[in-house]
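Novice:
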Ligand SMILES: *[C@@H]1O[C@H](CO)[C@@H](O)[C@H](O)[C@H]1NC(C)=O
Ligand SMILES: [Zn+2]
Ligand SMILES: [Zn+2]
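Numbering (UniProt numbering), first residue to last: 1 to 348.
(1) Verify the contact flag: residue 295, CB atom, against every heavy atom of ligand 1, threshold strictly below 8 Å.
(2) Shorter than 8 Å, the distance from the beta carbon of residue 173 to the closest heavy atom of ligand 3, or not?
(3) Between which two residues does the beta strand (DSSP E) carrying residue 231 extend?
(4) Going by the beta-carbon positions, is the gap between residue 120 and residue 196 smaller than 9 Å?
(5) Please determine whether the Cβ atom of residue 326 lies at a distance below 8 Å from any heavy atom of ligand 1.
(6) Starting from residue 156, follow the alpha helix (DSSP H) in both directions and report where the run begins and ends.
(7) For the alpha helix (DSSP H) that residue 241 lies in, which residues bound it at each end?
(8) I'd like to check one pair, residue 336 with residue 193: are the Cβ atoms closer than 9 Å?
(9) Pull up the CB-CB distance for residue 265 and residue 81, whole angstroms please, since I reckon it's below 8 Å.
(10) Can you tell which of 191, 145, 223 has its C-alpha closest to the C-alpha of residue 128?
(11) In angstroms with no decimal places, state the Cα-to-Cα distance between residue 132 and residue 93.
(12) Here's a check: name, in chain order, each residue in its chain whose Cβ is nearer than 7 Å to the Cβ of residue 179, leaving out the five neighbours to either side.
(13) If I measure Cβ to Cβ from residue 71 and keep anything under 8 Å in the same chain, skipping five residues before and after, which residues do I get?
(14) Threshold first: 3 residues or longer. Then list the beta strand (DSSP E) segments lying entirely within the region 184-263, N to C.
(15) When the Cα of residue 84 is compared with those of 139, 228, 210, 225, which residue comes out closest?
(16) Within a Cβ cutoff of 7 Å, which residues of the same chain sit near residue 67, ignoring the five residues on either side of it in sequence?
(17) Under 6 Å from any heavy atom of ligand 3, by CB: list those residues in chain order, please.
(18) So is residue 330 buried or exposed if we call it buried at 16+ other beta carbons inside 10 Å?
(19) For a test of your reading of the model: does the CB of residue 129 fall under 8 Å from any non-hydrogen atom of ligand 2? Yes or no.
(20) In or out: residue 236 buried (at least 16 other Cβ within 10 Å) or exposed?
(21) Let me check you understand the geometry: is the CB of residue 132 closer than 8 Å to at least one non-hydrogen atom of ligand 2?
(22) Apart from the five residues just before and just after residue 169, which ones in its own chain have a Cβ nearer than 7 Å to its Cβ?
(23) DSSP state of residue 170, grouped into three classes?
(24) Residue 275: which of 99, 43, 202 sits nearest, CA to CA?
(25) By Cβ distance, which residues of its chain are closer than 6 Å to residue 247, with the 5 residues on each side in sequence left out?
Next comes the structure, spelled out in structure tokens:
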């Protein structure tokens with residue numbers, strides 16, 4: 001493949017990733033929406049009706065209905081990175097005397113990440129059911145600000161426990177609802193937040209570790225080639241010292257796939273690290289993303305009992321009521337890793 005094709009593919013993949021991640025942050029008003037709506041408006045007069053209908057359907061199918069699409073995208077990207085790492089970087093690193101131990105770390109991380117990923121997908125996030133609801137109502141008291149007692153979900157026809165929310169994608173109420181994550185095609189709730197956190201961290205570590213190994217390999221390749229000490233003859237016949245730009249160009253031409261992979265990994269790493277830090281913060285202060293958005297007035301509290309789309313109130317209704325109930329960092333973490341289970345009453 002030539003340079004330009006690779007570059008176009010790379011840019012397309014990165015842009016798609018940014019768009020998807022914006023969407024997946026769980027907010028309603030994302031840059032992705034704004035851009036999409038703007039683009040849709042511009043192209044509306046020249047796009048045929050069927051195409052408009054189709055894209056609306058596709059968006060709905062992808063983001064408002066359960067689908068395994070993003071699980072496949074995830075596996076595909078991961079497969080591509082690991083194939084590239086195994087076939088190109090691994091051999092190079094072995095030649096450079098990188099120890100087998102440090103080269104096996106990415107595979108160990110992959111094993112950890114895959115198990116957390118699996119648990120996130122498979123674990124019930126804490127669905128509110130007819131059988132369990134009595135016990136689930138006992139777990140958290142209503143704060144009468146974000147969550148009010150005695151409100152029933154119109155769809156599930158069950159009383160909403162405090163901190164729960166109806167997920168419109170899965171069509172169920174979920175205990176200690178955080179958000180619906182399209183990447184695992186599941187809600188993140190009381191019973192799988194711990195796996196979600198571990199998943200985020202292992203994914204971050206994976207991207208970071210492979211990026212470091214790759215950067216190390218490229219550095220050695222440059223040092224070994226003696227490029228930094230060499231010089232070349234330019235078009236005017238003058239002798240020029242090979243500068244950093246020359247080295248970068250050389251790397252791009254000799255290892256295009258590896259460079260693209262490295263760029264992708266660095267991008268993914270910073271994005272995920274930011275997201276993981278946000279979720280760590282929430283975990284430490286005993287808040288869910290849902291509560292975080294709500295307490296900042298991103299979600300209208302007046303229409304909260306209804307299951308219709310949570311719309312955004314601007315300006316935010318009560319910025320001052322930012323609050324959370326924290327009994328200390330360790331206890332907050334404890335509650336995430338050992339979530340309180342609803343006691344089931346036996347009726348006899
Ligand atoms: C977390 O917050 C809830 C209320 O939202 C509270 O009932 C619970 O006791 C708190 N847990 C800890 C460990 O502070
Ligand atoms: Zn519901
Ligand atoms: Zn859901």
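Idealized CB from N, CA, C, for every residue including glycine.
This one's a predicted model, so the numbers in the text were calculated from it and none came from an experiment.
Specialist: Working from what's here:
(1) Sequence index remark: in the chain shown, residue 295 carries index 295 (1-based). No, the beta carbon of residue 295 sits no closer than 8 Å to any heavy atom of ligand 1.
(2) As a first step, residue 173 must be located in the chain shown, where it is residue number 173. Residue 173 Cβ: outside cutoff for every heavy atom of ligand 3.
(3) Counted from its first residue, the chain shown places residue 231 at position 231. Looking at the DSSP string, the run of the beta strand (DSSP E) that includes residue 231 is 231-233.
(4) As a position in the chain shown, residue 120 is number 120, starting the count at 1. As a position in the chain shown, residue 196 is number 196, starting the count at 1. It is a contact, given that the beta carbons lie within the stated cut-off.
(5) Stepping through the chain shown from its first residue, residue 326 is reached at position 326. Answer for residue 326: yes, Cβ within range of ligand 1.
(6) Within the chain shown, numbered from 1, the residue matching residue 156 stands at position 156. No alpha helix (DSSP H) holds residue 156; DSSP gives it neither H nor E.
(7) Reading the chain shown from its first residue, position 241 is the one you call residue 241. Run containing residue 241: none in the alpha helix (DSSP H); it sits in the beta strand (DSSP E), 239-241.
(8) In the chain shown, the residue the question calls residue 193 occupies position 193. In the chain shown, the residue the question calls residue 336 occupies position 336. A contact, by the Cβ cut-off of 9 Å.
(9) Mapped onto the chain shown, residue 265 falls at position 265. Mapped onto the chain shown, residue 81 falls at position 81. About 7 Å; that satisfies the 8 Å criterion.
(10) Locating residue 128 in the chain shown gives position 128, where the first residue counts as 1. For residue 128, the nearest C-alpha among the options comes from 191.
(11) The residue given as residue 132 occupies position 132 in the chain shown. The residue given as residue 93 occupies position 93 in the chain shown. Distance between the alpha carbons of residue 132 and residue 93 is about 54 Å.
(12) Taking the chain shown and counting its residues from 1, the one referred to as residue 179 is at position 179. Cβ neighbours of residue 179 beyond the five flanking positions: 26, 188, 289, 290.
(13) Numbered from 1 along the chain shown, position 71 holds the residue referred to as residue 71. Excluding sequence neighbours, residue 71 sits near 121, 183, 184, 185.
(14) 186-188, 231-233, 239-241
(15) Counted from its first residue, the chain shown places residue 84 at position 84. The candidate whose alpha carbon is nearest that of residue 84 is 210.
(16) As a first step, residue 67 must be located in the chain shown, where it is residue number 67. Around residue 67: 61, 185.
(17) Shown in chain order are the residues whose CB sits closer than 6 Å to a heavy atom of ligand 3: 167, 169, 170, 180, 187.
(18) Translated into the one-based positions of the chain shown, residue 330 becomes position 330. That one is exposed.
(19) Locating residue 129 in the chain shown gives position 129, counting from the first residue. Answer for residue 129: no, Cβ out of range of ligand 2.
(20) Position 236 of the chain shown, counted from the start, is the residue given in the question as residue 236. Exposed, since its Cβ has fewer than 16 Cβ neighbours within 10 Å.
(21) The residue labelled residue 132 in the question sits at position 132 within the chain shown. No, the beta carbon of residue 132 sits no closer than 8 Å to any heavy atom of ligand 2.
(22) Residue numbering aside, residue 169 sits at position 169 when the chain shown is read from its first letter. Taken in chain order, the residues that qualify are 64, 65, 66, 180.
(23) Here residue 170 is taken as the residue at index 170 of the chain shown, counted from 1. DSSP places residue 170 in coil when its eight states are reduced to three.
(24) Here the question's residue 275 lines up with position 275 in the chain shown. Taking only the C-alpha atoms, the option nearest residue 275 is 202.
(25) Sequence index remark: in the chain shown, residue 247 carries index 247 (1-based). So the qualifying residues of the chain are 222, 227.
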